[in-house]
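The opening position of the sequence shown corresponds to residue 1 in full-length UniProt numbering, with each subsequent residue numbered one higher. Here is the structure we will look at, set down as structure tokens.
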Amino acid sequence: MTAPPDPDPDPMPQPPPEPDFDACCGNGCSPCIFDLHDLAMDEYRRALRAWRERSQTRFGGRPG
Numbered sequence: 001m002t003a004p005p006d007p008d009p010d011p012m013p014q015p016p017p018e019p020d021f022d023a024c025c026g027n028g029c030s031p032c033i034f035d036l037h038d039l040a041m042d043e044y045r046r047a048l049r050a051w052r053e054r055s056q057t058r059f060g061g062r063p064g
């Protein structure tokens, strides 16, 4: 019996879940849940860019 493979120590970042349109109360909250999602997407894009750069360094070439 073989041991399961170790999880990737540097997994690809996953995008944040998109809020359901009906979750917005429509009261003009500051911040709105969609504003918070936009901020989370900005952070995700930064993390993904950094991960791709690390992957290129680790594996050479473009990550799959």
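Glycine included, C-beta positions come from ideal geometry on N, C-alpha and C. As the structure is a computational prediction, the values presented were derived from the model and not from experiment.
Three-way DSSP call (helix, strand, coil) for residue i in this model
| i | result |
| --- | --- |
| P18 | The sequence given here places Glu at residue 18; Pro does not occur at that position. In this structure, E18 counts as coil in the three-state DSSP scheme. |
| T57 | helix |
| M41 | helix |
| A3 | coil |
| D8 | coil |
Beta-carbon proximity check, residue i vs residue j, cutoff 7 Å
| i | j | result |
| --- | --- | --- |
| W51 | P16 | no |
| I33 | P19 | yes |
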